[in-house]
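J.: For the sequence shown, the numbering used here begins at 174 and goes up steadily by one.
Glycine is no exception: its CB is placed at the ideal position from the N, C-alpha and C atoms.
Model, not experiment: these values are computed from the prediction.
My questions will all concern the structure given below.
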Amino acid sequence: MHPKGFTADPSSGVDHPGTFRGVGEKAAYLADLGITAVELLPVHEKPLDGGYWGYNNLSFFAPEHTYSSKPEADEVLDEFKWMVDQLHQQGIEVWIDVVYNHTGEGGLWRERIYQDDTSLDPGTDAAWYNYDPHETAGIYSYRGLDNAAWYALDDDGLTYWNNTGVGNQTRPNFTPSRRVIQDSLHFYVEELHVDGFRFDLAPVLGEVDGDFNNWADPASTVLQDIVDDPVLVENDVRVVAEPWSAGGWYNPVLG
Numbered sequence: 174m175h176p177k178g179f180t181a182d183p184s185s186g187v188d189h190p191g192t193f194r195g196v197g198e199k200a201a202y203l204a205d206l207g208i209t210a211v212e213l214l215p216v217h218e219k220p221l222d223g224g225y226w227g228y229n230n231l232s233f234f235a236p237e238h239t240y241s242s243k244p245e246a247d248e249v250l251d252e253f254k255w256m257v258d259q260l261h262q263q264g265i266e267v268w269i270d271v272v273y274n275h276t277g278e279g280g281l282w283r284e285r286i287y288q289d290d291t292s293l294d295p296g297t298d299a300a301w302y303n304y305d306p307h308e309t310a311g312i313y314s315y316r317g318l319d320n321a322a323w324y325a326l327d328d329d330g331l332t333y334w335n336n337t338g339v340g341n342q343t344r345p346n347f348t349p350s351r352r353v354i355q356d357s358l359h360f361y362v363e364e365l366h367v368d369g370f371r372f373d374l375a376p377v378l379g380e381v382d383g384d385f386n387n388w389a390d391p392a393s394t395v396l397q398d399i400v401d402d403p404v405l406v407e408n409d410v411r412v413v414a415e416p417w418s419a420g421g422w423y424n425p426v427l428g
């Protein structure tokens with residue numbers, strides 16, 4: 174369910190269309206349909222060019238303010254919690270789609286595309302082309318703090334790995350990202366009372382840090398941290414994995 178699109182049309186009949194509150198207003202309707210859980214597309218803050226579906230996130234703690242009837246930070250959090258409470262009162266669990274494999278920080282990768290066209294680069298069958306000059310690279314948060322610590326960089330220290338299919342790939346098994354993932358999950362469970370998570374491109378969370386073409390034993394990665402996390406276990410949190418990535422997936426027999 175898109176947290177904005179679900180009630181954006183006037184036919185939804187809610188008082189606050191296109192918002193978290195609008196979703197909460199439809200709780201009884203969803204229960205009447207026999208629904209016992211809703212999975213919301215990404216709810217985290219995104220940039221203006223982050224796309225309608227919301228998969229380019231800037232913060233893993235702040236709900237997207239354009240999905241709220243009131244844009245103030247504290248109001249957004251209160252409205253999100255109100256929505257969850259309304260759904261819980263109808264016996265409906267709330268799961269959210271989380272995207273820890275890349276961010277929406279702009280620049281460099283945004284227009285880096287693969288062209289199978291020899292006319293663009295004589296002498297090659299295919300090549301990567303980057304239409305963003307370095308001067309236009311957007312710096313919102315993680316990249317401005319420490320580009321190499323947060324993102325999976327090529328050997329040139331400039332371009333990015335692309336096992337996500339969008340290029341701006343994080344390092345989920347390096348200390349900063351690994352810690353942020355756990356803290357973000359705790360925040361949404363303990364403070365916002367979310368019941369489950371769907372992990373976008375979960376195989377990226379199982380990659381060997383620094384060797385992003387290979388997968389580690391899942392027991393040594395943040396995937397195992399998530400499964401064993403005491404906060405998630407205590408709250409019986411649902412865990413759903415999208416089982417593929419652009420770089421493939423881990424096979425316990427073949428590697």
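Confirm, please, whether the CB-CB distance from valine 395 to leucine 378 is below 7 angstroms.
T.: Residue 378 sits at position 205 when you count from the first residue of the sequence shown. Residue 395 sits at position 222 when you count from the first residue of the sequence shown. Going by C-beta atoms, leucine 378 is nearer than 7 angstroms to valine 395.
J.: Within 10 angstroms of its Cβ, does arginine 283 collect 16 or more other Cβ (buried), or is it exposed?
T.: Within the sequence shown, numbered from 1, the residue matching residue 283 stands at position 110. Note that arginine 283 scores 46 on pLDDT, short of 50, meaning its location in the model is unreliable and no value can be drawn from it.
J.: With DSSP run on the structure shown, which of helix, strand or coil describes leucine 281?
T.: On the sequence shown, position 108 is the one that residue 281 refers to. Confidence at leucine 281 is low in this model, with a pLDDT of 46, below 50, so its placement is unreliable and the value that follows should be read with caution. In this structure, leucine 281 counts as coil in the three-state DSSP scheme.
J.: Could you say if the stretch 223-230 and the stretch 186-203 meet the contact criterion of at least three C-beta pairs nearer than 8 angstroms?
T.: Short answer: they don't touch.
J.: Which residues in the same chain as glycine 223 place their Cβ atom closer than 7 angstroms to its Cβ, once the five residues preceding and following it in sequence are excluded?
T.: Counting from one through the sequence shown, the residue named residue 223 turns up at place 50. Correct list, in chain order: Asn229, Gly277.
J.: From the DSSP output, which residues share a beta bridge with alanine 201?
T.: As a working mapping, residue 201 is identified with position 28 in the sequence shown. BP columns for alanine 201 are empty, so no partner.
J.: Give the C-beta separation of glycine 420 and phenylalanine 372 to the nearest angstrom, bearing in mind that I take them to be a contact with Cβ-Cβ under 8 angstroms.
T.: Residue 420 sits at position 247 when you count from the first residue of the sequence shown. Residue 372 sits at position 199 when you count from the first residue of the sequence shown. Rounded, the Cβ-Cβ distance is 15 angstroms, inconsistent with contact.
J.: Taking the C-alpha atoms as reference points, what is the distance between arginine 285 and proline 220?
T.: By one-based count along the sequence shown, residue 285 stands at place 112. By one-based count along the sequence shown, residue 220 stands at place 47. In this prediction, arginine 285 scores a pLDDT of 47, lower than 50, which makes its location untrustworthy; the coordinate-derived value is nonetheless stated afterwards. Answer to the nearest angstrom: the Cα atoms are 18 angstroms apart.
J.: Where aspartate 325 and isoleucine 354 are concerned, what is the direct C-alpha to C-alpha distance, given to the nearest angstrom?
T.: Taking the first residue of the sequence shown as 1, we reach residue 325 at position 152. Taking the first residue of the sequence shown as 1, we reach residue 354 at position 181. Residue identity differs from the one stated: residue 325 is alanine in this sequence, not aspartate. Approximately 16 angstroms, taken between the alpha carbons.
J.: Using a 10 Å radius around the Cβ and a threshold of 16 neighbouring Cβ atoms, would you call aspartate 398 buried or exposed?
T.: Position 225 of the sequence shown, counting from 1, holds the residue named residue 398. So aspartate 398 ends up on the buried side.
J.: With contact counted as at least three CB pairs below 8 angstroms, one residue from each stretch, are the stretch 333-351 and the stretch 362-372 in contact?
T.: Judged by Cβ distances under 8 angstroms, the stretch 333-351 makes no contact with the stretch 362-372, as fewer than three pairs qualify.
J.: Excluding the 5 residues preceding and the 5 following glutamate 237 in the sequence, name in chain order all residues of the same chain whose CB lies nearer than 7 angstroms to its CB.
T.: Here the question's residue 237 lines up with position 64 in the sequence shown. Contacts found: Val216, His217, Glu218, Lys219, Gly227.
J.: What is the residue span of the beta strand (DSSP E) that leucine 213 lies within?
T.: Your numbering for residue 213 matches position 40 in the sequence shown. Leucine 213 -> beta strand (DSSP E) spans 210-213.
J.: Output the distance between the C-alpha atoms of asparagine 274 and glycine 207, rounded to the nearest integer angstrom.
T.: Taking the sequence shown and counting its residues from 1, the one referred to as residue 274 is at position 101. Taking the sequence shown and counting its residues from 1, the one referred to as residue 207 is at position 34. One C-alpha to the other measures close to 33 angstroms.
J.: Using three-state DSSP, classify glycine 207 as helix, strand or coil.
T.: For the purposes of this step, residue 207 is identified with residue 34 of the sequence shown, where counting begins at 1. DSSP places glycine 207 in coil when its eight states are reduced to three.
J.: Can you give me the Cβ contacts of alanine 322 inside the same chain, cut-off strictly under 6 angstroms, excluding the 5 residues immediately before and after it?
T.: Working through the sequence shown from its first residue, we reach residue 322 at position 149. Within the same chain, alanine 322 has close Cβ partners Pro349.
J.: Within the same chain, show all residues whose beta-carbon is closer than 7 angstroms to that of tyrosine 315, passing over the 5 residues directly before and after it, in chain order.
T.: Locating residue 315 in the sequence shown gives position 142, counting from the first residue. Cβ within range, chain order: Thr276, Glu278, Trp323.
J.: For the stretch 347-410, which segments carrying the alpha helix (DSSP H) assignment without a break, of at least 4 residues, lie completely within its bounds, in sequence order?
T.: Runs found: 348-363, 395-401, 403-407.
J.: From the DSSP output, in three-state form, read off glutamine 259 for me.
T.: In the sequence shown, residue 259 corresponds to position 86, counting from 1. Looking at glutamine 259 - three-state DSSP - the assignment turns out to be helix.
J.: In terms of residues, what are the limits of the beta strand (DSSP E) holding aspartate 270?
T.: Indexing the sequence shown from 1 puts residue 270 at position 97. From DSSP, the beta strand (DSSP E) with aspartate 270 extends over 266-271.
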